[in-house]
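Notes follow once the structure below has been shown.
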Amino acid sequence: MKIIAVGWNYRGHNAEMNQKETPQNPIIFFKPETALLKDGKPFFLPQFSDRIEYETELVFHISRLGKNIAGKFAHRYYDSVTVGIDLTARDKQAEARANGNPWDIAKGFDNSAPIGKFIPLPEQTPKADNINFSLFINGVKVQQGNSQDMIFHIDELIAYISQFYTLKIGDLIFTGTPAGVGPVKIGDHLEGYLEETKVLDFFVK
Numbered sequence: 003m004k005i006i007a008v009g010w011n012y013r014g015h016n017a018e019m020n021q022k023e024t025p026q027n028p029i030i031f032f033k034p035e036t037a038l039l040k041d042g043k044p045f046f047l048p049q050f051s052d053r054i055e056y057e058t059e060l061v062f063h064i065s066r067l068g069k070n071i072a073g074k075f076a077h078r079y080y081d082s083v084t085v086g087i088d089l090t091a092r093d094k095q096a097e098a099r100a101n102g103n104p105w106d107i108a109k110g111f112d113n114s115a116p117i118g119k120f121i122p123l124p125e126q127t128p129k130a131d132n133i134n135f136s137l138f139i140n141g142v143k144v145q146q147g148n149s150q151d152m153i154f155h156i157d158e159l160i161a162y163i164s165q166f167y168t169l170k171i172g173d174l175i176f177t178g179t180p181a182g183v184g185p186v187k188i189g190d191h192l193e194g195y196l197e198e199t200k201v202l203d204f205f206v207k
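When we follow my numbering, the leftmost residue of the sequence shown carries the number 3, and every step to the right adds one.
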């Protein structure tokens, strides 16, 4: 399975990170399978970074094999959604960007992709046009977003990504984060919601 992630897909987050240009095409990167963290298992802060930040995202589950998928048919290729966290070693990312180097280790380290319980979506279109999601840390809401605010909708993302990579059943697409990212620390309790349903729940240790 592949974990496909999208950068700079919310204008609010782009602004808070001083990313002034709106991307003309989706910005794609990958996390390895070893990045996956699920079933409420704790996340252990790694020793190699002094600043691990959360980025709350909608994550879609690919349900059909596909290549070169037309946008009008893209809704047929995913069947469920959850909340995920794109944990980022912000100091490592800044260092790599400053030197003009790739920043894979800042995004793809072990357990950097916590995901929650998947919620089925309707088969008909539209199926992902108005999904509210949020993250609470220690009972306080720190981030919220809506799928309508994505620069590139999940159907557009699937059409674009499938030009270059065959999508397989079980692949996951992290669709980008809204404004409000910030650091995590030992003892933090993270809870992710789709609408009013809690789908993600884990601790930082």
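Built from N, CA and C at the ideal position, the CB exists for glycine as well.
Tell me, please, which residues DSSP counts as bridged to residue i.
i, result
"glutamate 158", "Its beta-bridge partners do not exist; DSSP assigns none."
"methionine 152", "Tyr12"
"histidine 77", "Answer is none; histidine 77 lacks a bridge partner."
"aspartate 106", "None, per the DSSP bridge assignment."
"isoleucine 117", "Gly86"
"leucine 137", "Gln145, Gly194"
"glycine 184", "Tyr56"
"isoleucine 91", "Looking at the sequence provided, one finds alanine at residue 91 rather than isoleucine. In the DSSP output, where bridge partners are listed per residue, alanine 91 has Ile54."
"valine 61", "Thr84, Phe176"
"alanine 7", "Phe31, Phe176"
"valine 201", "Beta-bridge pairing links valine 201 to no other residue."
Starting from the C-beta of residue i, find all residues in its chain whose C-beta is less than 6 Å away, skip the five residues before and the five after it, and write them out in chain order.
i, result
"isoleucine 117", "Lys40, Val61, Thr84, Gly86"
"tryptophan 10", "Asn16, Gln21, Pro25, Ile29"
"tyrosine 195", "Ser136"
I'd like to know whether the C-beta atoms of residue i and residue j end up nearer to each other than 8 Å.
i, j, result
"glycine 6", "phenylalanine 32", "Here residue 6 turns out to be isoleucine, not glycine, going by the sequence shown. Closer than 8 Å, so yes."
"threonine 179", "glutamate 35", "no"
"phenylalanine 111", "alanine 37", "yes"
"serine 164", "glycine 14", "no"
"glutamate 59", "phenylalanine 176", "yes"
"tyrosine 12", "isoleucine 160", "no"
"glycine 184", "glutamate 55", "yes"
"asparagine 132", "serine 149", "yes"
"asparagine 27", "tyrosine 162", "yes"
"glycine 42", "aspartate 203", "yes"
"arginine 92", "arginine 53", "yes"
"tyrosine 1", "isoleucine 71", "Because the chain here runs from 3 to 207, residue 1 falls outside it and cannot be looked at."
Give me, in chain order, the residues of the same chain whose beta-carbon lies closer than 7 Å to that of residue i; leave out the 5 immediate sequence neighbours on both sides.
i, result
"glutamate 197", "Asn134"
"aspartate 157", "Gly73, Ala76, His77"
"threonine 127", "His77"
Quick one: what's got a C-beta closer than 8 Å to residue i's C-beta in the same chain, skipping five residues either side?
i, result
"serine 82", "Phe62, His63, Ser65, Phe120, Ile121, Pro122, Leu123"
"lysine 170", "Met3, Lys4, Ile64, Leu67"
"phenylalanine 205", "Pro44, Phe45, Gly189, Asp190, His191, Leu192"
"lysine 94", "Phe50, Ser51, Trp105, Ile107, Ala108"
"aspartate 151", "Tyr12, Arg13, Gly14, Pro180"
"proline 48", "Ile54, Ala91, Phe111, Asp112"
"lysine 143", "Ser136, Leu137"
Does the distance between the C-beta of residue i and the nearest non-hydrogen atom of the ligand FAD fall short of 7 Å?
i, result
"tyrosine 195", "Because no ligand of any kind appears in the structure shown, any question about the ligand FAD cannot be addressed here."
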